[in-house]
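Novice: First the structure, which I've put down as structure tokens, then a few questions once you've had a look.
Numbering (the working numbering), first residue to last: 295 to 485.
Quick look at the structure:
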């Protein structure tokens, strides 16, 4: 459940929690799941975790305010529209001054499912056990077309969107490595 909340996979979280009664989990577990869901910037995931509890801890609403995701704040704290604009302006000033936390500096964007195989996973989760060979057969992901030798995917690639995202991430990490080399010679020629 923790990783489903952390990575914003609301469908997986709903599947895993469908037989858990409201308010039956320890408060610390709920707080952790809610915090992870807020940090994932996925309102749907937050709703899935909120279904497990009748109260929202103050620490979670504090994290939500810092993340400044309007939809999540509306879910957790109704009637906060006017305060949200002030929070956004404060966060904007902190980012410009360089005093904002690392996770608040990252741009928030459209979320996408990391795992689009929920239909394949449902039968595996209904049984008490699943063999390793069956898991590999059902969930194996083909190799990604990433690296210096790939500018585009071959025409028969079944996961072009995923490959493109991975290539963009690869290029970003190369850019970061080169900038680190400019900052200090110890980081030059990192591979």
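We treat Cβ as the ideally placed atom computed from N, Cα and C, and that holds for glycine. The structure presented is a predicted model; accordingly, all values stated were derived computationally and were not measured.
Taking three-plus beta-carbon pairs below 8 Å as touching, is the region 464 to 471 in contact with the region 445 to 454?
Specialist: At 8 Å Cβ cutoff, the stretches do not touch.
Novice: From residue 468 to residue 458, what distance separates their C-alpha atoms?
Specialist: Your numbering for residue 468 matches position 174 in the chain shown. Your numbering for residue 458 matches position 164 in the chain shown. C-alpha separation (whole angstroms): 15 Å.
Novice: Does the beta-carbon of residue 339 have 16 or more other beta-carbons within 10 angstroms, so that it is buried, or is it exposed?
Specialist: Position 45 of the chain shown, counted from the first residue, corresponds to residue 339. The residue in question, residue 339, is buried, as its Cβ has 16 or more Cβ neighbours within 10 Å.
Novice: With respect to the alpha helix (DSSP H) encompassing residue 474, which residues constitute its N-terminal and C-terminal limits?
Specialist: On the chain shown, residue 474 is found 180 positions in, with the first residue counted as 1. Its alpha helix (DSSP H) spans residues 454 to 477.
Novice: Name the two residues that bound the continuous alpha helix (DSSP H) containing residue 297.
Specialist: Here the question's residue 297 lines up with position 3 in the chain shown. 296 to 300 is the span of the alpha helix (DSSP H), which, as asked, contains residue 297.
Novice: Check whether the Cβ atoms of residue 319 and residue 299 lie closer than 8 Å to each other.
Specialist: Taking the chain shown and counting its residues from 1, one reaches residue 319 at position 25. Taking the chain shown and counting its residues from 1, one reaches residue 299 at position 5. The answer is no: Cβ separation not under 8 Å.
Novice: What does the Cβ neighbour count give for residue 478, buried or exposed, with the cut at 16 atoms within 10 Å?
Specialist: As a working mapping, residue 478 is identified with position 184 in the chain shown. Classification of residue 478: exposed, given that the 10 Å Cβ count is below 16.
Novice: What does the alpha-carbon distance come out to for the pair residue 385 and residue 418?
Specialist: Residue numbering aside, residue 385 sits at position 91 when the chain shown is read from its first letter. Residue numbering aside, residue 418 sits at position 124 when the chain shown is read from its first letter. Each residue's Cα considered, the two are about 43 Å apart.
Novice: Return yes when the Cβ of residue 343 is within less than 8 Å of the Cβ of residue 370, no when it is not.
Specialist: Translated into the one-based positions of the chain shown, residue 370 becomes position 76. Translated into the one-based positions of the chain shown, residue 343 becomes position 49. Taking 8 Å as the Cβ cut-off, residue 370 and residue 343 do not qualify as a contacting pair.
Novice: Provide the residue span of the alpha helix (DSSP H) that contains residue 431, from first to last.
Specialist: What you label residue 431 is simply residue 137 of the chain shown in a count that begins at 1. It spans 426 to 433 - the alpha helix (DSSP H) in which residue 431 sits, taken as one unbroken run.
Novice: Alpha carbon to alpha carbon, how far is residue 334 from residue 305?
Specialist: On the chain shown, residue 334 is found 40 positions in, with the first residue counted as 1. On the chain shown, residue 305 is found 11 positions in, with the first residue counted as 1. Distance between the alpha carbons of residue 334 and residue 305 is about 14 Å.
Novice: For a test of the three-state rule: what should DSSP assign to residue 326, helix, strand or coil?
Specialist: Working through the chain shown from its first residue, we reach residue 326 at position 32. In this structure, residue 326 counts as helix in the three-state DSSP scheme.
Novice: If we ignore side chains and look at the alpha-carbon of each, how far apart do residue 315 and residue 346 end up?
Specialist: In the chain shown, counting from the first residue as 1, residue 315 sits at position 21. In the chain shown, counting from the first residue as 1, residue 346 sits at position 52. One C-alpha to the other measures close to 7 Å.
Novice: By how many angstroms is the C-alpha of residue 422 removed from the C-alpha of residue 381?
Specialist: On the chain shown, residue 381 is found 87 positions in, with the first residue counted as 1. On the chain shown, residue 422 is found 128 positions in, with the first residue counted as 1. Rounded to the nearest angstrom, the two C-alpha atoms are 47 Å apart.
Novice: Looking at C-alpha atoms only, which residue of 428, 425, 426 and 451 is the closest neighbour of residue 436?
Specialist: Residue numbering aside, residue 436 sits at position 142 when the chain shown is read from its first letter. Selected option, being the one with the closest Cα: 451.
Novice: Just to confirm before moving on: does the CB-CB distance between residue 368 and residue 332 stay below 8 Å?
Specialist: On the chain shown, residue 368 is found 74 positions in, with the first residue counted as 1. On the chain shown, residue 332 is found 38 positions in, with the first residue counted as 1. No, they are not a contact pair.
Novice: Express the C-alpha separation of residue 484 and residue 438 in angstroms, rounding to a whole number.
Specialist: The count along the chain shown starts at 1 and reaches residue 438 at position 144. The count along the chain shown starts at 1 and reaches residue 484 at position 190. In a straight line, the C-alpha of residue 438 is about 22 Å away from that of residue 484.
Novice: How big is the Cα-Cα spacing for residue 313 and residue 324?
Specialist: On the chain shown, residue 313 is found 19 positions in, with the first residue counted as 1. On the chain shown, residue 324 is found 30 positions in, with the first residue counted as 1. Each residue's Cα considered, the two are about 15 Å apart.
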